[in-house]
Structure formats: C-alpha cells, structure tokens
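Take a look at the structure below.
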Amino acid sequence: MASGKWQVASSKTSPATCNLQPATCNLQLFTFYFSLFTLLLLTGCGLANPPRLATATAQAAFTPTPSPEPLILTVATPTAVPGATTGSLPAQAEPNPSITVWVNETSAAHKTMLDQMAADFEAQHSVDVDMVLVSPLLLPDLVNTAVLSGTLPDIIIHPLEFSVGWAERGVFDTAANAAALAELGADTFNPNALDLVQTSSGQPAALPTSGYHQLVIYRTDWFAERNLAMPNTFRALATAAEATTDRDNLIAGFVVPTESNLVTTQQIFEHIALANGCQLVDDAGEIQLLDPACAEALTFYFTLINQNSPIGVQTDTSTRNAYLAGRTGLIMGPPSLLPQLAGLDSAALPRCPECAATPDFLAQNSGFITAINDAEFGNMSLLGITSTAERETAVLFATYWFSEGYEQWLAVDPARKVPMRWGTPDSPRQFIDSWGRQPLASSDDTLESLYGPDVVATLREGIATTGRWGLPQGQGELITTLYEELTLSIVLQEMLSGYFSSDQSIIEAYNRIVDLIPNYAFPNLTDNLPDE
C-alpha cells in the first residue's frame with residue numbers, strides 16, 4: 102500500500118505547480134511532503150523492498166573478507182645462534198615421499214597387519230605409507246568418485262572383476278604394473294592368473310596377489326543318513342536340497358545369498374550358469390543370455406532356491422549362520438568359513454545341536470567341493486598401480502608387497518588367500534607349497550591339520566583356470582560395469598521376490614546388460630519376441 106500511495110501522490114503535483122486553487126494546492130502539498138517523509142523513513146528502515154528482495158540485494162552487494170592463507174609449519178624454527186648469519190641456518194629436511202594404498206579389507210586383523218607392513222616399508226625406504234581400509238561394497242563407487250575428483254590413491258587392492266575394466270578406463274598404469282612384474286619375475290606368478298588380467302596391449306591390468314575357490318559346503322552326516330550323492334551335479338544338488346528340506350522344523354535344504362546389493366548373489370548365479378555351459382558374451386561381444394543354456398540355468402537356480410530356501414532375502418551372514426546353527430545341509434560360500442566350522446572364530450561359533458558337546462562337529466561332518474558339473478568359480482585379489490601414482494615409488498612398494506610383505510598378507514585369513522605369486526626366483530614354490538599350513542585365527546590349527554592334505558590340494562589348485570564370464574572373451578570393461586551396477590543381483594532378487602518369472606527374468610537380464618553397452622553392435626534379440 103505504501104508503494105501505491107507514493108506512485109499516486111508523485112504523479113499529481115509538486116511544489117512548483119501550486120499557484121492556483123490554494124485549498125487544493127495545500128492538500129496536495131501536504132500529501133506530497135507526507136509521502137516523501139514516509140518513503141525516507143521506510144528506506145532508512147530497510148522496508149522499501151520486500152524482505153527477501155532486500156536480503157538478496159544486501160547479499161549481492163556484500164563483499165566477504167578474504168580468508169587468510171593457511172599457515173603451514175613444516176618444522177620448528179631453528180634457535181638463533183649468537184653471531185650466526187642468516188645464511189648459516191641449517192636447511193630444513195625434505196619431507197619423505199608418500200604413497201596411499203587402498204585395501205578392500207576392513208577387519209581388525211588386517212588393519213594390524215597392514216599397519217605393520219607400512220611401518221616396515223617406511224623404515225626400509227623412507228617413504229610414508231597411508232593404508233586405507235575400504236569396504237568391498239563401497240570400493241567401486243569410491244574409485245569412480247576419485248577418478249572424477251582427481252584423488253585416486255597410488256595403489257588399489259581390488260577383486261578380479263574390476264582389474265581389466267579399470268585398466269581400460271585408464272585407472273591403472275599398465276606400464277607401471279608391467280615394470281613391477283618384470284622386477285619380481287613374471288615366471289614366479291601363476292601364469293593362468295596373469296593371462297586373466299592381460300590387457301589388449303599385452304600388459305597386465307594389475308598383479309594377482311591371492312585367490313580362492315567358491316565352495317559348495319554340505320553336511321556329510323545328513324547325506325550319509327539319506328544315502329545322498331555328493332552334490333557336484335545339478336541332479337545331485339537338487340535331490341539333496343529336496344531331501345534335506347524340512348520346513349516344519351525350520352530346516353532349509355539350500356541357502357545362498359540373494360540380496361540385490363551383494364556381489365556374491367551375482368557370483369553364485371554365474372557359477373551355476375557356467376555349470377550349464379552358459380556364457381554371458383561371445384568373442385565378438387554379443388550377449389548370449391537368451392541361449393537355452395542360460396534360460397535352463399536360471400530356471401534351475403529359481404527352482405532350487407524357491408522350493409528349498411528360507412523365506413525372504415538371504416545375505417552372506419544369514420547363509421553362514423544357517424549352516425552354523427544346523428538349519429541347512431547345503432550352502433555356497435568362501436573357504437573363510439572353514440575355520441568357523443571348527444569353532445576358531447569367537448564371533449561366529451557353531452550352534453548346531455551337536456556342537457555344544459563337540460565344538461568342531463561341523464568341521465568333522467562337512468564336505469567341500471569346488472565344481473558343479475565340472476565347472477568351478479575362482480575369485481582373486483589384485484594389486485593395481487594407478488595412473489596418477491609416482492611410478493618409481495609405486496613400483497618400489499609393489500615389489501615390497503610381493504616379497505618382504507607377502508607372507509604377512511597371506512597370514513591373515515589364509516583360508517581365502519591362496520598365493521598367486523608361487524615363489525621367488527631362488528625358491529620358485531616357496532609360497533604356494535606352504536599354503537594350507539599357516540595357523541588359523543591365532544590358533545595352532547591349520548587347514549591341513551583340520552581337513553587333511555587332499556582338501557588343501559583341492560582348495561589350492563586351479564583357481565585361475567576356472568571359467569569367469571567375459572574375461573577369456575576380452576570383455577573386461579563389460580564385466581567391470583556389470584559388477585559395479587550389480588545388474589544381475591538386482592534381477593535375481595526381483596525374480597525371487599515374485600516380480601518376474603524365470604522366463605521373464607532372463608529377458609530382463611538380457612535387456613539391462615545390453616543397455617550397459619554403448620553403441621551395442623548387434624540386434625536386440627528381444628525386439629521380435631511375442632508380448633506376454
């Protein structure tokens with residue numbers, strides 16, 4: 102209203118125009134000066150503009166005081182010496198070079214070991230080491246964020262599915278990794294492991310550190326009571342799962358992780374798919390999921406879990422706990438479960454009915470196989486030098502990791518760390534031959550003493566010759582994207598939750614994977630499928 106009144110008053114008169122009609126002029130003059138006074142008063146109080154506009158105007162006009170430059174004190178100022186000139190002051194020591202290492206392990210035992218490795222390396226080479234323990238679930242996102250922000254570490258310990266893809270994107274310096282390999286000796290490494298991570302340039306994407314088989318673990322006592330065959334084929338696996346399922350007593354015949362945000366959900370289906378001859382992609386890059394072998398594998402997977410697993414989504418932890426509690430006779434998981442079956446992990450003790458009297462009952466009554474229909478699935482951990490690292494320092498650390506530091510790495514959670522560097526030039530099988538005899542979980546027990554040399558040999562051999570989707574076909578970039586997005590894990594959980602049938606799910610999986618491939622060079626085979 103004040104703004105409107107001012108506009109009306111100012112449009113009618115001013116002091117210079119009042120020479121006629123005195124009464125009218127006096128009223129207009131009063132109105133003019135009253136309006137002028139009101140405007141000045143409002144302007145002085147900051148109310149001539151609406152509050153938000155006035156605030157914005159003030160903020161735009163305000164120039165903040167510049168922040169002072171940070172004061173960085175590297176060393177203490179030397180004490181003045183009487184009679185000394187400025188030129189005689191001692192020079193400040195140059196800081197040590199530094200290196201940052203991301204490791205996809207988070208346990209307290211790993212932290213202690215890695216801190217010791219860092220201290221040893223610093224003492225030997227005067228290089229500061231920052232060991233950063235990163236959750237495996239967060240690692241892909243953190244790496245991609247670091248690429249965008251220019252904050253990559255110097256070295257990343259990571260799983261196999263990311264090696265080639267990250268190298269092809271420029272995350273890893275393949276020439277630096279090749280230099281470290283040459284320093285160590287390529288013939289000291291598992292040759293099949295090196296083949297899996299070779300890039301199109303002929304250089305290694307990263308250096309294989311350790312690995313393990315994905316296992317089928319089963320209750321041998323239950324199998325003997327029911328006269329069941331070893332579950333190493335689809336038929337035997339399905340028969341055993343059905344025979345050991347007892348829903349009235351809360352016993353599930355087969356339990357595996359099915360959560361959509363877990364890598365293991367995807368890996369278990371990949372193992373089953375490989376067991377039926379299903380490949381994700383061919384050498385030319387065409388997606389193969391619509392092949393009958395893949396549809397059959399998905400139908401088998403769905404039926405096995407739908408009919409013989411607990412209701413609801415399962416995780417790595419719930420799968421393990423079901424077996425430790427004696428509520429399932431079949432699971433799939435890593436060999437790090439083996440010390441837990443023997444009661445060596447206080448955080449995950451066996452709780453089966455027989456375990457109270459015999460703590461290692463499950464270790465005595467469990468069998469382990471690595472192959473289903475002769476197909477195995479191997480996991481590996483690798484060390485990759487990044488493209489932003491200072492090459493000489495990073496190569497120096499990599500050679501330390503695989504020599505002086507290597508046995509420290511292998512000693513923590515050794516059940517899932519079969520060495521991919523077999524030995525040294527002077528002792529070619531130093532590391533691989535001693536695997537299986539390392540103490541487990543701060544005890545005197547070893548895998549060999551608990552399970553025997555035959556099990557150790559089974560767990561140790563052939564990890565890098567197992568089939569892995571996409572890598573033998575040169576499709577490392579696709580595999581990296583698939584595992585970053587967890588595309589199949591999501592589709593699998595949706596199928597098990599009832600959103601899709603297995604027939605619909607294989608089409609969903611195909612389309613979602615095709616969508617991940619820029620400029621896909623092949624026709625989409627679902628375009629001509631009839632609508633359901």
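The opening position of the sequence shown corresponds to residue 102 in this note's numbering, with each subsequent residue numbered one higher.
Backbone N, C-alpha and C fix where the C-beta goes; we use that ideal spot for every residue, glycine too.
Output the distance between the C-alpha atoms of residue 265 and residue 349, rounded to the nearest integer angstrom.
-> 48 Å
On the DSSP bridge assignment, give the partners of residue 311 in chain order.
-> In DSSP, residue 311 forms a bridge with 482 and 520.
Using only alpha-carbon positions, find the residue among 491, 583, 430 and 476 that is nearest to residue 564.
-> 476
Using a Cβ-Cβ cut-off of 7 Å (strictly less than) and excluding sequence neighbours within five positions of residue 201, which residues of its own chain qualify?
-> 231, 233, 254 and 255
Since residue 341 and residue 332 are thought to touch, with beta carbons under 8 Å apart, how far apart are those beta carbons, to the nearest angstrom?
-> In this structure residue 341 touches residue 332 by the C-beta definition: roughly 5 Å separates them, less than 8 Å.
Given 8 Å as the limit, is there contact between the region 297 to 316 and the region 258 to 276, that is, 3 or more CB pairs closer than that?
-> yes
Using DSSP with H/G/I as helix, E/B as strand and the rest coil, what is residue 576?
-> DSSP places residue 576 in coil when its eight states are reduced to three.
Going straight from the alpha carbon of residue 464 to that of residue 497, what length do you get?
-> Straight-line Cα distance between these residues: approximately 42 Å.
Check whether the Cβ atoms of residue 314 and residue 560 sit closer than 8 Å, and answer yes or no.
-> yes
Three-state class that DSSP yields for residue 387 in the structure shown = coil
Does the beta-carbon of residue 514 have 16 or more other beta-carbons within 10 angstroms, so that it is buried, or is it exposed?
-> buried
For the beta strand (DSSP E) that contains residue 435, what are its first and last residues?
-> Counting along the chain, residue 435 falls outside any beta strand (DSSP E), and DSSP gives it neither H nor E.
Measure the C-alpha to C-alpha separation of residue 358 and residue 452 and round it to an integer number of angstroms.
-> 20 Å
Spatial distance of residue 384 from residue 444 (CA atoms) | 46 Å
Please classify residue 319: does DSSP put it in a helix, a strand, or coil?
-> In this structure, residue 319 counts as strand in the three-state DSSP scheme.
Inspect the beta-carbon positions of residue 522 and residue 274 and report whether they are closer than 8 Å.
-> no
Please look up how many angstroms separate the CB atoms of residue 316 and residue 434, rounded, as I've assumed it's under 8 Å.
-> 6 Å
Among the residues of its own chain, which have a CB less than 7 Å from the CB of residue 449, if the five just before and after it don't count?
-> Here the set comprises 421, 425 and 441.
Tell me which same chain residues have a C-beta within less than 6 Å of the C-beta of residue 470, skipping the five on either side of it?
-> 317 and 333
Please go through the same chain and pick out, in chain order, the residues whose beta-carbon is closer than 8 Å to the beta-carbon of residue 287, but skip the five residues on each side of it.
-> Close CB contacts of residue 287 within its chain, under the 8 Å cut and outside five residues either way in sequence, are with 295 (chain order).
Whose C-alpha, out of 336, 608, 489 and 195, is nearest the C-alpha of residue 270?
-> 489
Beta-carbon proximity list for residue 293, same chain, < 7 Å, skipping 5 on both sides | 565 and 566
Residue 587 versus residue 628: straight-line alpha-carbon distance, rounded = 24 Å
Does DSSP classify residue 223 as helix, strand or coil?
-> helix
Going by DSSP, what residues sit across from residue 677 in a beta bridge?
-> This structure leaves residue 677 out entirely; the chain is present only between 102 and 633.
At what residues does the alpha helix (DSSP H) containing residue 249 begin and finish?
-> 240 to 250
Apart from the five residues just before and just after residue 228, which ones in its own chain have a Cβ nearer than 8 Å to its Cβ?
-> 197, 198, 199, 200, 222, 494, 497 and 498.
For the candidate residues 211, 247, 289 and 338, whose alpha-carbon lies nearest to that of residue 320?
-> 338
Residue burial classification, residue 280 (beta-carbon count within 10 angstroms, cutoff 16) = buried
Could you give the residue range of the alpha helix (DSSP H) that holds residue 536?
-> Careful: residue 536 lies outside any alpha helix (DSSP H) and carries neither H nor E.
With which residues is residue 413 paired in a DSSP beta bridge?
-> Beta-bridge pairing links residue 413 to no other residue.
Taking DSSP as the reference, what is the three-state secondary structure of residue 477?
-> Annotated three-state conformation of residue 477 is strand, per DSSP.
Is the distance from the Cβ of residue 391 to the Cβ of residue 614 below 8 Å?
-> no
With a 10 Å radius around its C-beta and 16 neighbouring C-beta atoms as the bar for buried, classify residue 258 as buried or exposed.
-> Flag for residue 258 reads buried.
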